[in-house]
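Engineer:
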Amino acid sequence: MTADGAGPTGAAVPEEAAFAQEVPRGEPILEVRDLVKHFPLTRGVLFKKQVGAVKAVDGVSFDLMQGETLGIVGESGCGKSTLAKVLMNLEPATGGSVRYKGEEISRLSGGALKAVRRNIQMVFQDPYTSLNPRMTVGDIIGEPFEIHPEVAPRGDRRKAVQDLLDVVGLNPEYINRYPHQFSGGQRQRIGIARGLALKPEIIICDEPVSALDVSVQAQVINLLEQLQGEFNLSYMFIAHDLSIVRHISDRVGVMYLGKMVEIGSDEQIYDHATHPYTQALLSAVPVPDPTARESRDRIVLTGDVPSPANPPSGCRFRTRCWKAQERCAVEVPPLAPPGWLSGPAFHDSACHFAAERESGEDVGSRP
Amino acid sequence: MNTAVDRTGREAGTPYQGPLLDVRDLHVEFVTRDGVARAVNGVNYSVRAGETLAVLGESGSGKSVTAQAVMGILDMPPARIPRGEIRFRGRDMLKMGKDERRRIRGRKIAMIFQDALSALNPVLSVGFQLGEMFRAHHGVSRAEARTKAVELMERVRIPAAKERVNDYPHQFSGGMRQRIMIAMALALEPDLIIADEPTTALDVTVQAQVMDLLAELQAEYNMGLILITHDLGVVADVADKIAVMYAGRIVETAPVHELYARPAHPYTRGLLDSIPRLDQKGQELYAIKGLPPNLLRIPPGCAFNPRCPRAQDVCRAEVPELFPVAEDDGTPLEGRRSACFFWKETLHDR
Chain A
1 MTADGAGPTG
11 AAVPEEAAFA
21 QEVPRGEPIL
31 EVRDLVKHFP
41 LTRGVLFKKQ
51 VGAVKAVDGV
61 SFDLMQGETL
71 GIVGESGCGK
81 STLAKVLMNL
91 EPATGGSVRY
101 KGEEISRLSG
111 GALKAVRRNI
121 QMVFQDPYTS
131 LNPRMTVGDI
141 IGEPFEIHPE
151 VAPRGDRRKA
161 VQDLLDVVGL
171 NPEYINRYPH
181 QFSGGQRQRI
191 GIARGLALKP
201 EIIICDEPVS
211 ALDVSVQAQV
221 INLLEQLQGE
231 FNLSYMFIAH
241 DLSIVRHISD
251 RVGVMYLGKM
261 VEIGSDEQIY
271 DHATHPYTQA
281 LLSAVPVPDP
291 TARESRDRIV
301 LTGDVPSPAN
311 PPSGCRFRTR
321 CWKAQERCAV
331 EVPPLAPPGW
341 LSGPAFHDSA
351 CHFAAERESG
361 EDVGSRP
Chain B
1 MNTAVDRTGR
11 EAGTPYQGPL
21 LDVRDLHVEF
31 VTRDGVARAV
41 NGVNYSVRAG
51 ETLAVLGESG
61 SGKSVTAQAV
71 MGILDMPPAR
81 IPRGEIRFRG
91 RDMLKMGKDE
101 RRRIRGRKIA
111 MIFQDALSAL
121 NPVLSVGFQL
131 GEMFRAHHGV
141 SRAEARTKAV
151 ELMERVRIPA
161 AKERVNDYPH
171 QFSGGMRQRI
181 MIAMALALEP
191 DLIIADEPTT
201 ALDVTVQAQV
211 MDLLAELQAE
221 YNMGLILITH
231 DLGVVADVAD
241 KIAVMYAGRI
251 VETAPVHELY
261 ARPAHPYTRG
271 LLDSIPRLDQ
281 KGQELYAIKG
291 LPPNLLRIPP
301 GCAFNPRCPR
311 AQDVCRAEVP
321 ELFPVAEDDG
331 TPLEGRRSAC
341 FFWKETLHDR
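Protein chains in written order, with the UniProt record's numbering: chain A, 1 to 367; chain B, 1 to 350.
1. In angstroms with no decimal places, state the Cα-to-Cα distance between I147 (chain A) and G67 (chain A).
2. Along the chain, where does the beta strand (DSSP E) containing D58 (chain A) start, and where does it finish?
3. What ranges does the beta strand (DSSP E) occupy inside the segment 5-83 of chain B, keeping only unbroken runs of at least 3 residues that lie completely in it?
4. Compute the distance between the beta-carbons of A287 (chain B) and S274 (chain B), then report whether it is under 7 Å.
5. So what does DSSP say about D196 (chain B), is it helix, strand or coil?
6. Starting from A119 (chain B), follow the alpha helix (DSSP H) in both directions and report where the run begins and ends.
7. Given this structure, state the Cα-to-Cα distance separating E252 (chain B) from R337 (chain B), to the nearest angstrom.
8. From the beta carbon of S106 (chain A), is the nearest beta carbon of chain B less than 7 Å away?
9. If you draw a straight line from the alpha carbon of Q217 (chain A) to that of D206 (chain A), how long is it in whole angstroms?
10. Counting only runs of 4+ residues fully inside the segment 122-168 of chain B, write out the alpha helix (DSSP H) ranges in chain order.
11. Assuming contact is defined by CB atoms lying nearer than 7 Å, are E103 (chain A) and D63 (chain A) in contact in what I supplied?
12. Which runs of the beta strand (DSSP E), 3 residues or longer, sit entirely within the segment 153-232 of chain A?
13. Roughly how many angstroms lie between the CA atoms of K55 (chain A) and V287 (chain A), to the nearest whole one?
14. Could you pull out every residue in the same chain whose Cβ sits closer than 7 Å to the Cβ of A215 (chain B), ignoring the five residues on either side in sequence?
15. For the alpha helix (DSSP H) holding L217 (chain B), just list the boundary residues, first then last.
16. Can you find a CB in chain B that lies within less than 7 Å of the CB of P284 (chain A)?
17. Which chain A residues are close to L271 (chain B), counting only those with a beta carbon under 7 Å from its beta carbon?
18. Span of the beta strand (DSSP E) holding Q121 (chain A)?
19. Using a Cβ-Cβ cutoff of 7 Å, what residues of the segment 274-305 of chain A are near chain B? List them in chain order.
20. Please check if any C-beta of chain B sits within less than 7 Å of the C-beta of residue 368 (chain A).
21. Using a Cβ-Cβ cut-off of 7 Å, state whether N171 (chain A) counts as contacting chain B.
22. Identify whether S295 (chain A) lies in helix, strand or coil by the three-state DSSP scheme.
23. Taking only beta-carbon positions, decide if S61 (chain B) is within less than 7 Å of chain A.
24. Give me the Cβ distance between V137 (chain A) and Y174 (chain A), rounded to the nearest whole Å; I'm assuming they're in contact under 8 Å.
25. Beta-carbon separation of L227 (chain B) and Q218 (chain B) under 7 Å?
26. When you compare the CB positions of A110 (chain B) and G131 (chain B), do they come within less than 7 Å of one another, or not?
27. What number of angstroms, rounded off, separates the C-alpha of P334 (chain A) from the C-alpha of D167 (chain B)?
28. Whole angstroms are fine: how far does the CA of Q68 (chain B) sit from the CA of I180 (chain B)?
29. Specify whether the segment 97-116 of chain B and the segment 58-78 of chain B touch according to this definition: at least 3 beta carbon pairs, one from each stretch, less than 8 Å apart.
30. If you reduce the DSSP assignment to three classes, tell me which class R33 (chain A) lands in.
31. So for Y246 (chain B), helix, strand or coil by DSSP?
32. Given this structure, state the Cα-to-Cα distance separating G7 (chain A) from P92 (chain A), to the nearest angstrom.
33. L56 (chain B) and L192 (chain B) - do their beta-carbons sit closer together than 7 Å?
34. Which value, in whole angstroms, describes the spacing of the CA atoms of S342 (chain A) and R33 (chain A)?
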């Protein structure tokens, strides 16, 4: 990766130099602290008055390490897609900080923001709506070069786009075709090629395979893993399919109603979950094995996810939790390793009563 | 059970013994600008009372079109059914008149759709829409229909049903809306329910609630259930037997345990192998190469042959029939069929 800001005009923005340094593997490349995104709820047409806020992301902290894949799981409405948008600065953060290689980026604008965005790219969920139907594949993948001409000089762009098509496993001769001439899996490859165009260091994948057919999902997952090795990428992989997340992730974070409730290595989360929500989520996933039908110890949660405009006090999961006590309604449990646990169960978990699940534990549904 | 179908007299006296629904050699085509899309190319399946058949397939495999043909809700044209039979309690519904068909739809066979928000009318209250079932089919009064609607909502465990009966669909959460869809399907106590991806749009914790409810109600009323899905996990959880569809044909049928343990078709095997497994972490996932076929240009021979690791010349020349599957010593495996010339070899893989 060459140094940024060496464009023909030479008008390098000072911040860019800071982003050029390499971060060693295993060090944080993105540090997120207490990130908050509230969407105001207003009343009135002319004199808008804020009457509340949808607390989509409400104090989320985590690190993304260089070269790793961090999976983010959670149900719809838990704020995982909003989190992605705030990290990309597509939505301004209401509070908190996002540091990229030690530099605060959540309040950047203009040239400095542009320089950061080059290094953080996104692959979207729906390959049918995220590609402009009136642009050719060449124009779609080449468009990032219009914004960052320093990456590929004008004369080299066609070649650069064809190389990208080749990298994602599409025929480079398809450069003049339109999105509708491709299948869903191929379109997602186009979206990935566009994400790769600027040689980013971080790619945020928001449900990259959930719109694809089962037989095609594995192809795209393999491609993402292969590209990660080839280009030394760090992934934030947002998905609701827990088995795919486990396959691809080094670490996994679980979100519920705008909060990170548990985060740890894939083994810590999947085999030693200590937060009741994680345990319920894992137990609810249908297992593709009919012999497990009888032996499954499923926690069926009662009720629905509360509204993020009016989340419960204290622990947000308490309204559906079988362990909830009075304390849970008063005190917000911090996301930290619970001191009373040890071994693989000792990892960040935001529960006052964090514990690994015992088989036969009474999880009787509460009224 | 005193309804039109029984009253036609065919089964009068002796109770009907055969399968509830028997689809035979069904073909469905769509006439499009670019040619004829053959969405369903000879599907056979049957469901008995109390039984759950899962129809597994990717988008474009014809699983939903088959169900719509059974329900009689295909738009014709552009769709047409050139061949086939759909027997309900032994009588071919494709030969019935419009009125008779209508008496079966909803009353005898009901359907649950994937997207409850678009399947429900946004400008009518859910109570009105539930009550409509009784008004249209039983001609009851509005007040009585409303009482019945509340009963139904209670039966699918919607909290505070009495207060919520006048709410509109958008005021309910996704899981609650899907419960209303189930309530609507149950309203007239049908013999058969077709559920087309009933939980795909729902979150996993809610999905579990809805599937449990559906299974419980099915047992209570001894209904037949056709579950259309692409989710191998959901199938493993609830199905008794499975029909795997590919490019408009059934490529394999088997009881659920046997299908997962020993698939007899390379496509089924590929699907099962591409599920991420714990012991394969860090390795490449098995992926079926290539793409599902375009229905306007289904490959000659076996439709799966361009993607199949086992394909031979015969696969490109001849369409394989659904062969009965048997053990090596010739003992037939009950309920098992595979549309692969090499089912024996596939059965022994792994």
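Beta carbons: idealized from backbone N, C-alpha and C, even for Gly.
Structural biologist: By the coordinates alone:
1. Taking the first residue of the first sequence as position 1, residue 147 (chain A) is located at position 147. Taking the first residue of the first sequence as position 1, residue 67 (chain A) is located at position 67. For I147 (chain A) and G67 (chain A), the distance between alpha carbons rounds to 26 Å.
2. Position 58 of the first sequence holds residue 58 (chain A). Taken as a continuous stretch (DSSP letters only), the beta strand (DSSP E) holding D58 (chain A) covers K49 to M65.
3. 21-32, 35-47 and 52-56
4. Residue numbering aside, residue 287 (chain B) sits at position 287 when the second sequence is read from its first letter. Residue numbering aside, residue 274 (chain B) sits at position 274 when the second sequence is read from its first letter. Yes, the Cβ-Cβ distance between A287 (chain B) and S274 (chain B) is below 7 Å.
5. Here the question's residue 196 (chain B) lines up with position 196 in the second sequence. D196 (chain B) falls in the strand class under three-state DSSP.
6. Locating residue 119 (chain B) in the second sequence gives position 119, counting from the first residue. Segment A116 to A119, the alpha helix (DSSP H) holding A119 (chain B).
7. Here the question's residue 252 (chain B) lines up with position 252 in the second sequence. Here the question's residue 337 (chain B) lines up with position 337 in the second sequence. Each residue's alpha carbon lies about 6 Å from the other.
8. Residue numbering aside, residue 106 (chain A) sits at position 106 when the first sequence is read from its first letter. With 7 Å as the cut-off, S106 (chain A) does not count as an interface residue toward chain B.
9. For the purposes of this step, residue 217 (chain A) is identified with residue 217 of the first sequence, where counting begins at 1. For the purposes of this step, residue 206 (chain A) is identified with residue 206 of the first sequence, where counting begins at 1. The alpha-carbon atoms of Q217 (chain A) and D206 (chain A) are separated by roughly 14 Å.
10. 126-138, 142-155 and 161-164
11. By one-based count along the first sequence, residue 103 (chain A) stands at place 103. By one-based count along the first sequence, residue 63 (chain A) stands at place 63. With contacts defined by Cβ atoms closer than 7 Å, E103 (chain A) and D63 (chain A) do not form a contacting pair.
12. 202-206
13. The sequence position of residue 55 (chain A) within the first sequence is 55, counting from 1. The sequence position of residue 287 (chain A) within the first sequence is 287, counting from 1. Going by the C-alpha atoms only, they are around 33 Å apart.
14. Locating residue 215 (chain B) in the second sequence gives position 215, where the first residue counts as 1. Hits under 7 Å: V238.
15. For the purposes of this step, residue 217 (chain B) is taken as residue 217 along the second sequence, with counting starting at 1. For L217 (chain B), the enclosing alpha helix (DSSP H) starts and ends at V204 to Y221.
16. Your numbering for residue 284 (chain A) matches position 284 in the first sequence. The question names Pro, but residue 284 (chain A) in the sequence shown is Ala. Cβ-Cβ to chain B under 7 Å: yes for A284 (chain A).
17. Within the second sequence, residue 271 (chain B) is the residue found at index 271, counting from 1. Within 7 Å Cβ-Cβ: V214 and S215.
18. As a first step, residue 121 (chain A) is located in the first sequence; it is residue number 121 there, counting from the start. It spans I120 to V123 - the beta strand (DSSP E) in which Q121 (chain A) sits, taken as one unbroken run.
19. Answer in chain order: A280, L281, A284, V285, P286, V287, P288, D289, P290, T291, R293, R298, V300, L301 and D304.
20. Missing from the structure shown is residue 368 (chain A); chain A here goes from 1 to 367 and no further.
21. The residue you call residue 171 (chain A) lines up with position 171 of the first sequence. Answer no: the Cβ-Cβ gap between N171 (chain A) and chain B never drops below 7 Å.
22. Counted from its first residue, the first sequence places residue 295 (chain A) at position 295. Correct three-state label for S295 (chain A): helix.
23. Working through the second sequence from its first residue, we reach residue 61 (chain B) at position 61. So, not an interface residue.
24. Locating residue 137 (chain A) in the first sequence gives position 137, counting from the first residue. Locating residue 174 (chain A) in the first sequence gives position 174, counting from the first residue. Their Cβ separation, rounded to whole angstroms, is 6 Å, which keeps V137 (chain A) and Y174 (chain A) in contact under 8 Å.
25. Sequence index remark: in the second sequence, residue 227 (chain B) carries index 227 (1-based). Sequence index remark: in the second sequence, residue 218 (chain B) carries index 218 (1-based). No. Outside cutoff.
26. Here residue 110 (chain B) refers to the residue found at position 110 when the second sequence is read from its first residue. Here residue 131 (chain B) refers to the residue found at position 131 when the second sequence is read from its first residue. No, Cβ-Cβ distance for A110 (chain B) and G131 (chain B) is not below 7 Å.
27. Sequence index remark: in the first sequence, residue 334 (chain A) carries index 334 (1-based). Sequence index remark: in the second sequence, residue 167 (chain B) carries index 167 (1-based). Approximately 38 Å between the Cα atoms of the pair.
28. The count along the second sequence starts at 1 and reaches residue 180 (chain B) at position 180. The count along the second sequence starts at 1 and reaches residue 68 (chain B) at position 68. About 20 Å.
29. yes
30. Here the question's residue 33 (chain A) lines up with position 33 in the first sequence. Of the three classes helix, strand and coil, the one that applies to R33 (chain A) here is strand, per DSSP.
31. As a position in the second sequence, residue 246 (chain B) is number 246, starting the count at 1. Strand, per DSSP.
32. Taking the first residue of the first sequence as position 1, residue 7 (chain A) is located at position 7. Taking the first residue of the first sequence as position 1, residue 92 (chain A) is located at position 92. Note that G7 (chain A) scores 40 on pLDDT, short of 50, meaning its location in the model is unreliable and no value can be drawn from it.
33. In the second sequence, the residue the question calls residue 192 (chain B) occupies position 192. In the second sequence, the residue the question calls residue 56 (chain B) occupies position 56. No, they are not a contact pair.
34. To locate residue 342 (chain A), count along the first sequence from 1; it is residue 342. To locate residue 33 (chain A), count along the first sequence from 1; it is residue 33. Using only the alpha carbons, I get a separation of about 25 Å.
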